[in-house]
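Residue numbers (the working numbering), protein chains in the order written: chain A, 585 to 852; chain B, 585 to 852.
Cβ atoms here follow ideal geometry from the backbone N, Cα and C, with glycine treated the same way.
2 protein chains.
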Amino acid sequence: AMAGGSWARAVRGLLLDVSGVLYDSGADGGVPIAGSAEAVRRIKASGLKLQLCTNETQATRENFVRKLRAMGFDISVAEVTAPAPAACHLLKERGLRPHLLVHNDLVPEFAEFDKTNPNCVVLGDAAENFTYANLNEAFRLLIGMEKPVLISLGKGRYYKETDGLKLDVGAYMKALEYACDIQAEVVGKPAKRFFESALAELGVPPEQAIMIGDDIVNDVGGAQQCGMRALQVRTGKYRPADENHPEVKPDAYVNNLAEAVDIILQQL
Amino acid sequence: AMAGGSWARAVRGLLLDVSGVLYDSGADGGVPIAGSAEAVRRIKASGLKLQLCTNETQATRENFVRKLRAMGFDISVAEVTAPAPAACHLLKERGLRPHLLVHNDLVPEFAEFDKTNPNCVVLGDAAENFTYANLNEAFRLLIGMEKPVLISLGKGRYYKETDGLKLDVGAYMKALEYACDIQAEVVGKPAKRFFESALAELGVPPEQAIMIGDDIVNDVGGAQQCGMRALQVRTGKYRPADENHPEVKPDAYVNNLAEAVDIILQQL
Chain A
585 AMAGGSWARA VRGLLLDVSG VLYDSGADGG VPIAGSAEAV RRIKASGLKL QLCTNETQAT
645 RENFVRKLRA MGFDISVAEV TAPAPAACHL LKERGLRPHL LVHNDLVPEF AEFDKTNPNC
705 VVLGDAAENF TYANLNEAFR LLIGMEKPVL ISLGKGRYYK ETDGLKLDVG AYMKALEYAC
765 DIQAEVVGKP AKRFFESALA ELGVPPEQAI MIGDDIVNDV GGAQQCGMRA LQVRTGKYRP
825 ADENHPEVKP DAYVNNLAEA VDIILQQL
Chain B
585 AMAGGSWARA VRGLLLDVSG VLYDSGADGG VPIAGSAEAV RRIKASGLKL QLCTNETQAT
645 RENFVRKLRA MGFDISVAEV TAPAPAACHL LKERGLRPHL LVHNDLVPEF AEFDKTNPNC
705 VVLGDAAENF TYANLNEAFR LLIGMEKPVL ISLGKGRYYK ETDGLKLDVG AYMKALEYAC
765 DIQAEVVGKP AKRFFESALA ELGVPPEQAI MIGDDIVNDV GGAQQCGMRA LQVRTGKYRP
825 ADENHPEVKP DAYVNNLAEA VDIILQQL
C-alpha cells in the first residue's frame, strides 16, 4: 500500500466507516483502534473534508457521538451519516407508520412517528431484542399486510465485538425476507442513495472522495458503485480471505486508518 | 375435487403430512382436525399402506407418536418418517460431531453422538431456543470451521399454531446461510432423499403413492419432484393465495384429509 499510492491523488474528502476503523465495539463500550483518534485530528488539520458513514443502529446519533468523543475522537453530530435519520426521512416521505424491531437505545430516533396500526416494519441491529417472540411478532405483522414493507437499517452479515463475532441485521433481514417471500428495502450502506446522502453532507463529488472501511462488500463495494475510490483497512472484521473476494477489489489495502492518512497526506 | 377424481386411480399407499393435516399444533399440545382420526382408521381398514411423512422436530418420534395416539390417531413409531432419524443416519455416515440448535425435546434423538469439538451444526425448529445468544453461538461455530457444515431439519417458512403463525426453521437457516455465505444441507421435506426414504418405508413405488399435505412447496412440490401425485388440503397453513402459486400445482385440492380419503376409497 505504501509503495505508489496513486489512488490517493486529487482527493478532497474522506468518508470513514466507524466500527472496525475508529474503534472496536463491545459490550464494554468498545476500545479505540491505535492511531485512529490522532488520524482524525490530522485529517481535519489538513483541510480535507471528513464525514463518518456508519451503519450503526444501536444508539441515537447524539449518544453515538458522545461515546466517540469520550474515546478521544473530535467528531460532531453533523459529521455522522447514519441509517436511522435516513429511514425517518423515508417514512415521512411515504407516510408510513413503523413497527420497530431495533435496539432500545435507537427508539428515540423514531419518536415523531405514530406506531399504532403499523404498515411497515423497521429492522435494525436489535441485538438482545432479537428474541423468538419479537421476530415472530415482526413476521406476523408483515405476513398480515396486503403489501408487506420491510425497511432494513443495513444488511451486514456480522460484526466483531470485543467478545467475538455477532450476527448483524442482515441475517435477520434474510430470515424475514424468506419467511414472507419479500425483498427488504435497505437504508444504509451499501445502498447508493445512502452513500449519496453522505457525499452531499461531505460536500465533495464522488471522484474526489475516498471511502475507508473494514467491510469489503458494504463499505468498499458500495462506495465503488457510487464512483468513489475505496480502501479496506486490515482492522475490525477484516479477514485475509477478503483479499480473494470474487467481486470486490479495493483500490488499496491499508493496515489501519493511520496508515491510510499517512499516504493521503503525503499526496496533498 | 369431488368431480372426476381420476388423480385417485391406481393408488396403493398414502404419505400424510401431520401438522395441518391430522391436527393443528399449539402450545397446548394442539387439536385434531375434524374427521382426520377416522380417516386414518378408514385408510388402514381399506388395505392401503400408510406412512406419516413429517418435518416435525419438536419431539422425539416416540413422544410425537404418544401425542398423536392421545389425540385418537392409530399410529405406531414405525409409521413415522421424520428428519431427526434421517439426520442421525447422515451424521453416522460422515462421522460428524454435531452442535445442536434444536428443541430441548429433540435432544435425546442425538444421544449417541460425541458433541465435543463439533464439526457441524444441526438446526431444527428450536422454538424458544432460538435466542440471540444461541444463534450467535451456532454462527461462530460455523464461521470458525474450515468448511462449515450446516444441516437443517427442513426448510419451512412458517407454520400455524393455535395462537398464530410462527417462523419455522427455514427462516433461521437462511439467516445462518447468509451470515456464513454457505448453503445448508436440508434433511426433511422437500429433499428428494427424504421422500425416497418415506416411500421405501411405505413399500410402494412413487407412481402408486399420493402425498397429502398443507404445504404447497415442501409437501406438494417435493412429492411431485419424486414422481408422486400430491394433494393440498385446505386446512393447517393453507392460504387461498397458494392456489396461484407460480411453480407448484397440486394434482387436486381437497377440503381436508377426510374428503381426500372419501374420494380415494371410492376408486378402489
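Just checking my contact of B/Leu760 with B/Leu726 at CB under 8 Å: how many whole Å lie between their CB atoms? 6 Å
Going by other Cβ atoms of all chains shown within 10 Å of its Cβ, with 16 needed for buried, is A/Gly740 buried or exposed? buried
Identify every run of the alpha helix (DSSP H) within the region 633-714 of chain B, keeping only runs that are complete inside it and at least 4 residues long; order them along the chain. 645-654 and 667-678
Residues near B/Gly858 by beta carbon distance below 7 Å, same chain, minus five either side: No statement about residue 858 of chain B is possible, as the shown extent of chain B runs from 585 to 852 and does not include it.
Let me see if you follow: with CB-CB separation under 8 Å, is B/Leu751 close to chain A or not? yes
Proximity test, Cβ basis, 8 Å: A/Thr746 and chain B: no
Under a three-way DSSP split, which group does A/Arg625 fall into? helix
For B/Ile794, which of helix, strand or coil comes out of DSSP? Three-state result, B/Ile794: strand.
Can you pull the DSSP bridge partners for B/Ile735? B/Val706 and B/Glu769
Please identify, using Cβ separations under 9 Å, the residues of the region 682-713 of chain B that lie next to chain A, in order along the chain. Ala710, Ala711, Glu712 and Asn713
Sorted by chain position, which residues of the same chain lie with C-beta nearer than 8 Å to B/Ile659's C-beta, five sequence neighbours on each side aside? Val624, Leu636, Val649, Leu652 and Arg653
For the region 716-740 of chain B, which residues have a beta carbon sitting closer than 8 Å to at least one beta carbon of chain A? Tyr716, Leu719, Asn720, Phe723, Arg724 and Ile727
Say whether chain B places a C-beta atom closer than 8 Å to the C-beta of A/Ala759. yes
Along the beta strand (DSSP E) that carries A/Ala611, what are the first and last residues, could you check? Note, A/Ala611: premise wrong, no beta strand (DSSP E); not H, not E.
Residue range of the alpha helix (DSSP H) that B/Arg777 falls in? Residues Lys776 to Leu786.
How is A/Tyr743 classed by DSSP in three states: helix, strand or coil? strand
Looking at the structure shown, is B/Lys750 part of a helix, part of a strand, or coil, going by DSSP? strand
Run of the beta strand (DSSP E) containing B/Gly604, from where it starts to where it stops: Unbroken run through B/Gly604: none, as it is neither H nor E.
Determine whether the beta carbon atoms of A/Leu674 and A/Ile627 lie at a separation below 8 Å. no
Thinking C-alpha only, which one of B/Glu785, B/Leu786 and B/Lys833 is nearest B/Gln808? B/Lys833
Which chain B residues are close to A/Gly754, counting only those with a beta carbon under 8 Å from its beta carbon? Tyr762 and Ala763
State yes or no: is the C-beta of A/Ala667 within less than 8 Å of the C-beta of A/Leu737? What sits at residue 667 of chain A in the sequence shown is Pro, not Ala. Taking 8 Å as the Cβ cut-off, A/Pro667 and A/Leu737 qualify as a contacting pair.
Closest Cβ-Cβ distance between A/Tyr742 and chain B: below 8 Å? yes
Quick one: using the 10 Å Cβ neighbour count with 16 as the cut-off for buried, is A/Lys676 buried or exposed? Answer is exposed; the Cβ neighbour count stays below 16.
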